[in-house]
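Quick notes on the structure that follows.
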């Protein structure tokens with residue numbers, strides 16, 4: 043990632059591309075570079091509609107993200123021209139995450155040859171994944187297309203990626219493709235059974251750029267353990283449970299899964315040999331065998347990290363969708379309605395169509411950047427209440443005090459899962 047000598051800020055740390063897939067007409071291609079302050083690692087995102095019917099949706103998601111990045115950039119974006127693929131300069135930055143978002147409007151054909159010339163979209167996907175360990179795949183299947191068959195004819199490396207459950211919404215697809223915060227995970231396991239595997243996954247996620255909580259490495263001396271667990275869980279994108287033979291004997295693991303379920307944090311499981319399958323798991327990956335040291339084989343570890351990465355990308359939109367649904371239901375019950383303002387913000391209007399609130403309902407504990415996102419003209423109008431909806435009660439004490447103070451200074455109402463509904467309903 044190159045740096046600006048004048049400001050010390052990155053000359054670029056986001057590359058956003060759009061390109062119609064092979065054989066899709068009319069051909070279209072564009073590329074922009076952005077400098078975003080505070081972004082912890084560079085990322086390149088390519089939206090690739092793989093069928094003519096997918097072009098409008100892929101372009102809409104691209105344009106939404108383009109507008110968000112332009113609004114938050116430290117300088118005007120640089121238009122590079124047409125999108126370059128295999129020879130894009132982003133490949134020369136080893137820390138850059140390379141995210142391909144194929145928007146699939148019909149079943150993909152089988153590749154003509156293993157890595158040959160990208161004669162169709164399936165070839166293109168295979169070539170992308172062969173470019174290095176930072177290559178990521180987030181396939182988005184259009185509504186009405188069979189998820190099971192859409193990727194059935196491409197090689198295992200591509201087809202094992204679950205299709206993104208984005209509901210046909212370009213806003214959700216843009217949110218899945220790009221994350222403002224560093225990715226995070228909470229490892230839940232029974233130490234007597236699975237410590238060697240937990241160590242491996244902790245190391246693998248760290249190399250992939252995650253903030254990861256493992257009690258053996260991250261616990262704070264002198265803290266009250268349940269409070270620390272709640273604070274760490276509420277802050278994470280996904281909870282990764284290592285299902286081992288005696289997992290049900292771990293009271294803490296069962297509590298962690300229940301907490302995550304209560305607050306709609308995604309829970310995925312790595313099922314070790316001979317382990318039972320816990321209930322209320324969002325997705326699961328089973329491991330056939332461990333090595334003599336009771337650890338994962340190298341290929342299995344790579345698959346596990348990829349599995350967690352995909353579910354991390356999906357976890358935040360799922361949680362946000364749950365909290366946004368609470369707002370929409372409450373507004374409707376009060377005779378009003380809600381509508382998107384973009385950038386994750388909702389506008390609540392009463393039955394007369396008068397704006398009553400601007401809401402950021404991502405469900406996470408609030409942070410300073412959330413307050414800044416609510417600093418929009420629509421939230422400053424007379425009679426409009428800015429609402430920040432999330433798990434603020436699980437912030438560390440000092441962070442909670444800081445959030446309450448800045449929210450008070452800006453006139454922002456802090457709400458959680460259990461008091462949002464009645465508050466929004468009463469506003470309408």
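In our numbering, the protein residues as written are 43 to 470.
From the three backbone atoms N, C-alpha and C, an ideal C-beta is built for every residue, glycine too.
Determine the direct distance from the alpha carbon of residue j to that of residue i, and round the result to whole angstroms.
i           : j           : result
residue 411 : residue 172 : 36 Å
residue 433 : residue 268 : 16 Å
residue 227 : residue 142 : 22 Å
residue 463 : residue 369 : 6 Å
residue 381 : residue 306 : 22 Å
residue 94  : residue 329 : 39 Å
residue 106 : residue 85  : 17 Å
residue 148 : residue 193 : 10 Å
residue 62  : residue 467 : 44 Å
residue 68  : residue 191 : 26 Å
residue 119 : residue 229 : 38 Å
residue 122 : residue 174 : 23 Å
residue 109 : residue 272 : 35 Å
residue 212 : residue 71  : 18 Å
residue 87  : residue 134 : 15 Å
residue 217 : residue 385 : 9 Å
Just grab the DSSP bridge partners of residue i for me.
i           : result
residue 61  : 71
residue 427 : 399
residue 357 : Residue 357 is not bridged to any residue.
residue 254 : 227
residue 337 : Answer by DSSP bridge pairing: none, since residue 337 is not bridged.
residue 132 : Partner(s): none; residue 132 has no beta bridge.
residue 292 : Paired residue(s): none; residue 292 is not in a bridge.
residue 78  : 115
What did DSSP end up calling residue i once you bin it into helix, strand or coil?
i           : result
residue 325 : strand
residue 89  : strand
residue 144 : strand
residue 454 : coil
residue 285 : strand
residue 187 : coil
residue 139 : strand
residue 365 : helix
residue 308 : strand
residue 168 : helix
residue 121 : strand
residue 409 : coil
residue 460 : coil
residue 330 : coil
residue 466 : helix
residue 178 : strand
Mind reading off the beta-carbon distance from residue i to residue j? Whole number of angstroms is fine, and I expect it under 8 Å.
i           : j           : result
residue 431 : residue 387 : With a Cβ gap of about 11 Å, residue 431 and residue 387 do not count as contacting.
residue 470 : residue 377 : 6 Å
residue 252 : residue 221 : About 11 Å; that fails the 8 Å criterion.
residue 473 : residue 145 : Beyond the ends of the chain as shown, which are 43 and 470, falls residue 473; an answer cannot be given.
residue 319 : residue 285 : 7 Å
residue 421 : residue 178 : Going by Cβ atoms, the distance from residue 421 to residue 178 rounds to 34 Å, so no, they are not a contact pair.
residue 347 : residue 247 : 7 Å
Would the segment 123-132 and the segment 221-241 be scored as touching if the rule is three or more Cβ pairs under 8 Å? Too few Cβ pairs lie closer than 8 Å, so no.
Quick check: the segment 349-362 against the segment 440-451, are there 3 or more CB pairs under 8 Å? No, because fewer than three Cβ pairs between the segment 349-362 and the segment 440-451 fall closer than 8 Å, the two stretches do not touch.
Report yes or no: do the segment 111-122 and the segment 163-171 share at least 3 C-beta pairs separated by less than 8 Å? Flag = no, the segment 111-122 and the segment 163-171 do not touch.
Touching or not, the segment 357-376 and the segment 177-189, by the rule of three or more beta carbon pairs under 8 Å? No, the segment 357-376 is not in contact with the segment 177-189.
Can you find at least 3 beta carbon pairs, one from the segment 278-291 and one from the segment 317-329, that sit closer than 8 Å? The segment 278-291 vs the segment 317-329: in contact.
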